[in-house]
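Chains as they are written, first to last, in my numbering: chain A, 1 to 418; chain B, 1001 to 1190.
What follows is a single structure, written as structure tokens, with notes after it.
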Amino acid sequence: MLKQMEGSLGVAQAIALCRPEVVCAYPITPQTHIVEGIGALVKTGELENCEFINVESEFAALSVAIGASAAGARAYTATASQGILYMAEAIYNAGGLGLPIVMTVGNRAIGAPINIWNDHTDAMSVKDAGWIQLFAENNQEALDLHIQAFRLAEELSCPVMVCMDGFILTHAYERVDIPTQAEVDAFLPPYEPVQVLDPADPYSIGAMVGPEAFTEVRYLAHDKQLQALKRIPEIADVFKDVFGRESGGLLHPYHADDAETLVVALGSVNGTIKDAVDTMREEGHAVGSVSLCSFRPFPLAELGDVLRHAARVVVVEKSLAPGLGGVVASNVRMSLRDSPTPVYTVIAGLGGRPITKAGLERVIKDAIADDLPDVHFLDLETDVIARELERSRDTRRSGPTAENILKDLASVAGNRGE
Amino acid sequence: MFQVRIHGRGGQGVVTAAELLSIAAFVEDKHAQAFPSFGSERMGAPVVAFCRIADREIRSREPVSHPDALIIQDPTLLHSVDVFSGLNKQGYILINSRRTFADLGIDDFVAKFPPDHVCDIGATELAVKHVGRPVPNAALLGGFAAISGQIQLSSVEHAIMEKFPGAVGAANVKAAQEAFAAVSKIKEEA
């Protein structure tokens, strides 16, 4: 049923339709309305046979989900930003144990400096913890990916993170089609665990493993991700049969076939990128884009097949590997390792800085002119950088960078009479 | 695509206003997208929210920098925030105030716009009268329906009742209706 609603509350309804048995959350910032919405559905009885557990921290939230999942329950939690860091150890445990937990990440930046806004640093900080990571382009896809995530997670016995841009999607009202319970039941069978802690048949999960077997366990985690590369598009196909719409899959090309310049990105910025592609196509530029839905597993071959025909690739990403450049871009380069195609890295939208269509068009045109550095920071205020570098050069005790820059911006605004 | 930017202060229901507007557009089978400007929310701090309305899917995720309409829920923002930034030259301005544009110090600016595109109305007083609380958002949406013609009053009423079922919604609908009538009259006279 079509509804106009907030992304977070839409996801809460989708989660409820998946019949989770344990939902645990630490309900303060950084959190979204998702767990609040699920809590309300449990309280009213609309979501039956589900225990909602308020825990004392994000570490506890995922630890409880691990325990619940290991005991055979369908388990869900949600977090973002510093919350991910606080549960980092448990994230690796869930991945290493192969427990099919589904977790929403309402993507946000990580401090310091303190910043509550959107970027992808949180998800990237745990990209190699053995979880599948799917990125939603809009709220409909966010809903749909959660439904697919439970099936994928449970088939493979592997945890899945569904990433949706904090605020930009979680707090946006837009139309979403909420499926019926019958549709979700037809798509998602009851959870049948491959391993379960059962007092009647006791064994241990997560024992000490020495050098004699650790590599093999890790290899199998890698193999599971490779299996997911096959299952993700298959599950998206089944989803289309049941729900009648395309959602999920490994990647979504847009005007990619004849594109000389291809833009690659994760998440909601793909919407603005598509608008930029349309405008630039009207101006005669052969531009296209690829929305990467699956970041882990990374679809090296599938992405390579799409990108190989382009003259250049521009990766727009909301994450930065200081000392290297782009996180996503370095993965994209691997998909082109047998090709000389240049891959430009554009770091954009950090800490919630808006990524505008005008800014994207500018940077894509610079790439077309091959007038772009290897790593470019979109809309970077170079004057501000220069003044701070000068301050730190001139004075040993120049003070904290973030506060210096805020002071600098305030004094520039003051001089302009703002 | 019709883009609306709503300025106000924390506690005035600015974000809710954008959400209600998007529901009202949805009721008319339009695509709509509402989102806040993601500040650190606190009472009294300047807040901005956006709503886009279109006949097809809205893909853009950037803030509205070139609005077709402005709703200003608190006139004290007029001289502290650049509320008019990027406004379409044929755009609409609706201000929550009972003072004249001259009193507000914006008569010269407002004169550049079509006279039936600008209006101020005492929405806070209407809210106090009908709802008993100084939350002007619903009344302003009634006023917005009248001045812009982008949305039917009945759709605004539907949106208010969907989000606030019961007595609170009904009281806000009354405030929206009175604002709609008042702004319609001002628009006719302009």
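Glycine included, every Cβ here is placed at the ideal spot set by N, Cα and C.
Bear in mind that the values here come from a model prediction, so they are computed numbers and not experimental data.
| query | So what does threonine 121(A) bridge to, in DSSP terms? | reply | In the first sequence, counting from the first residue as 1, residue 121(A) sits at position 121. Here threonine 121(A) is not bridged, per DSSP, to any residue.
| message | Can you tell me where the beta strand (DSSP E) holding leucine 378(A) begins and where it ends? | response | Taking the first residue of the first sequence as 1, we reach residue 378(A) at position 378. Segment: none, leucine 378(A) is in no beta strand (DSSP E) and carries neither H nor E.
| query | Quick one: is glutamate 1157(B) near chain A, going by C-beta distance under 8 Å? | reply | Taking the first residue of the second sequence as 1, we reach residue 1157(B) at position 157. Taking 8 Å as the CB threshold, glutamate 1157(B) stays off the interface with chain A.
| said: Using a Cβ-Cβ cutoff of less than 8 Å, which residues in the same chain neighbour threonine 1016(B) once the five nearest sequence positions on both sides are dropped? | reply: The residue labelled residue 1016(B) in the question sits at position 16 within the second sequence. The answer, listed in chain order, is Asn1137 and Lys1163.
| query | For the segment 171-189 of chain A against the segment 45-55 of chain A, are there 3 or more C-beta pairs whose distance is under 8 Å? | reply | Touching, no.
| request: Grab the span of the alpha helix (DSSP H) containing arginine 1052(B) for me, first residue to last. | output: As a first step, residue 1052(B) must be located in the second sequence, where it is residue number 52. It is not in any alpha helix (DSSP H) - arginine 1052(B) instead sits in the beta strand (DSSP E) that spans 1046-1054.
| By DSSP, does histidine 1117(B) sit in helix, in strand, or in coil? | As a working mapping, residue 1117(B) is identified with position 117 in the second sequence. Secondary structure at histidine 1117(B): helix, using DSSP grouped into helix, strand and coil.
| For threonine 1124(B) and asparagine 1096(B), believed in contact at Cβ under 8 Å, the rounded distance | Your numbering for residue 1096(B) matches position 96 in the second sequence. Your numbering for residue 1124(B) matches position 124 in the second sequence. Indeed, because the Cβ distance is near 6 Å, the residues count as touching under 8 Å.
| field | Contacts that serine 268(A) makes with chain E (C-beta to C-beta distance below 8 Å) | value | Absent here is chain E; the protein component of the structure consists of chains A and B.
| Alpha carbon of serine 294(A) to alpha carbon of asparagine 107(A), nearest angstrom | Locating residue 294(A) in the first sequence gives position 294, where the first residue counts as 1. Locating residue 107(A) in the first sequence gives position 107, where the first residue counts as 1. Separation of serine 294(A) and asparagine 107(A) (C-alpha to C-alpha, rounded to the nearest whole angstrom) is 15 Å.
| field | CB contact flag (leucine 134(A), isoleucine 110(A), <8 Å) | value | As a position in the first sequence, residue 134(A) is number 134, starting the count at 1. As a position in the first sequence, residue 110(A) is number 110, starting the count at 1. Result no, Cβ atoms of leucine 134(A) and isoleucine 110(A) do not sit closer than 8 Å.
| message | Let's see if you can read the secondary structure: which residues bound the alpha helix (DSSP H) around asparagine 404(A)? | response | Along the first sequence, one-based indexing puts residue 404(A) at 404. 401-415 is the span of the alpha helix (DSSP H), which, as asked, contains asparagine 404(A).
| Assigned secondary structure, histidine 146(A) (DSSP; H/G/I helix, E/B strand, else coil) | Taking the first sequence and counting its residues from 1, one reaches residue 146(A) at position 146. Histidine 146(A) falls in the helix class under three-state DSSP.
| said: If contacts are defined as beta-carbon pairs under 8 Å, then valine 384(A) and valine 363(A) qualify, I think. What distance do you get, rounded to the angstrom? | reply: Taking the first residue of the first sequence as 1, we reach residue 384(A) at position 384. Taking the first residue of the first sequence as 1, we reach residue 363(A) at position 363. Wrong, their Cβ atoms sit about 19 Å apart, outside the cutoff.
| Residues bridged to valine 35(A) by DSSP? | On the first sequence, position 35 is the one that residue 35(A) refers to. As far as DSSP is concerned, valine 35(A) takes part in no beta bridge.
| said: Starting from valine 306(A), trace the alpha helix (DSSP H) in both directions and tell me its first and last residue. | reply: The residue given as residue 306(A) occupies position 306 in the first sequence. Counting along the chain, the alpha helix (DSSP H) containing valine 306(A) begins and ends at 300-307.
| query | Taking Cβ positions, are phenylalanine 1026(B) and alanine 1032(B) nearer each other than 8 Å? | reply | Counted from its first residue, the second sequence places residue 1026(B) at position 26. Counted from its first residue, the second sequence places residue 1032(B) at position 32. The Cβ atoms of phenylalanine 1026(B) and alanine 1032(B) lie closer than 8 Å to each other.
| field | Among Ala1167(B), Ala1049(B), Ala1175(B) and Cys1119(B), nearest to glutamate 1189(B) - alpha-carbon criterion | value | Working through the second sequence from its first residue, we reach residue 1189(B) at position 189. Distance from the Cα of glutamate 1189(B) is smallest, within the candidate group Ala1167(B), Ala1049(B), Ala1175(B) and Cys1119(B), for Cys1119(B).
| request: Assign arginine 1042(B) to buried or exposed, taking buried as 16 or more other Cβ atoms, counted over all protein chains shown, within 10 Å of its Cβ. | output: For this step, residue 1042(B) is matched to residue 42 along the second sequence. That one is exposed.
| field | Straight-line Cα distance separating aspartate 144(A) from alanine 14(A) | value | Counting from one through the first sequence, the residue named residue 14(A) turns up at place 14. Counting from one through the first sequence, the residue named residue 144(A) turns up at place 144. Taking the straight line from one Cα to the other gives about 8 Å.
| query | Listing by chain order, which chain A residues have their CB less than 8 Å from the CB of proline 1036(B)? | reply | Against the second sequence, residue 1036(B) aligns to sequence position 36. Ordered by position in chain A, the residues that pass the 8 Å Cβ test against proline 1036(B) are Phe167 and His171.
| task | Locate the alpha helix (DSSP H) running through serine 81(A), then write down its first and last residues. | result | Here residue 81(A) corresponds to residue number 81 of the first sequence, with the count starting at 1. Where serine 81(A) is concerned, the enclosing alpha helix (DSSP H) starts and stops at 81-86.
| message | Mapping the DSSP letters down to three states, classify asparagine 331(A) as helix, strand or coil. | response | Indexing the first sequence from 1 puts residue 331(A) at position 331. For asparagine 331(A), the secondary structure class from DSSP, reduced to helix, strand or coil, is helix.
| said: At a CB distance below 8 Å, what residues from the segment 333-356 of chain A approach chain B? Give them in sequence order. | reply: Residues of the segment 333-356 of chain A whose Cβ lies closer than 8 Å to any Cβ of chain B, in chain order: Gly352, Pro354, Ile355 and Thr356.
| Residues within the segment 1008-1020 of chain B neighbouring chain A, beta-carbon criterion of under 7 Å | Interface annotation for the segment 1008-1020 of chain B against chain A: Glu1019, criterion Cβ-Cβ distance under 7 Å.
| message | By DSSP's criteria, arginine 312(A) is part of a beta bridge. Which residues make up the other side? | response | On the first sequence, residue 312(A) is found 312 positions in, with the first residue counted as 1. DSSP lists Thr261(A) as partners of arginine 312(A).
| Within 8 Å (strictly less), CB to CB, does aspartate 275(A) reach chain B? | Numbered from its first residue, the first sequence carries residue 275(A) at position 275. It does: the Cβ of aspartate 275(A) has a partner Cβ on chain B nearer than 8 Å.
| CA nearest to the CA of alanine 149(A), picked from Pro179(A), Glu89(A), Trp131(A) and Asn404(A) | Locating residue 149(A) in the first sequence gives position 149, where the first residue counts as 1. When each option's Cα is compared against that of alanine 149(A), the closest is Trp131(A).
| said: For leucine 1077(B), report the span of its alpha helix (DSSP H) as first-last. | reply: Residue 1077(B) sits at position 77 when you count from the first residue of the second sequence. DSSP places leucine 1077(B) outside any alpha helix (DSSP H), giving it a letter other than H or E.
| Members of the segment 1137-1166 of chain B that neighbour chain A once the beta carbon cut-off is set at 8 Å | So the list is empty, because no residue satisfies the distance condition.
| task | Could you check which residue in Met164(A), Asn139(A) and Glu154(A) has the C-alpha nearest to that of valine 196(A)? | result | Translated into the one-based positions of the first sequence, residue 196(A) becomes position 196. The residue with the shortest Cα to Cα distance from valine 196(A) is Glu154(A).
| request: Determine, using beta carbons only, whether alanine 1049(B) and serine 1060(B) come nearer to each other than 8 Å. | output: Within the second sequence, residue 1049(B) is the residue found at index 49, counting from 1. Within the second sequence, residue 1060(B) is the residue found at index 60, counting from 1. No. Outside cutoff.
| Thinking C-alpha only, which one of Val1081(B), Ala1170(B) and Asp1107(B) is nearest alanine 413(A)? | To locate residue 413(A), count along the first sequence from 1; it is residue 413. Nearest of Val1081(B), Ala1170(B) and Asp1107(B) to alanine 413(A), Cα basis: Val1081(B).
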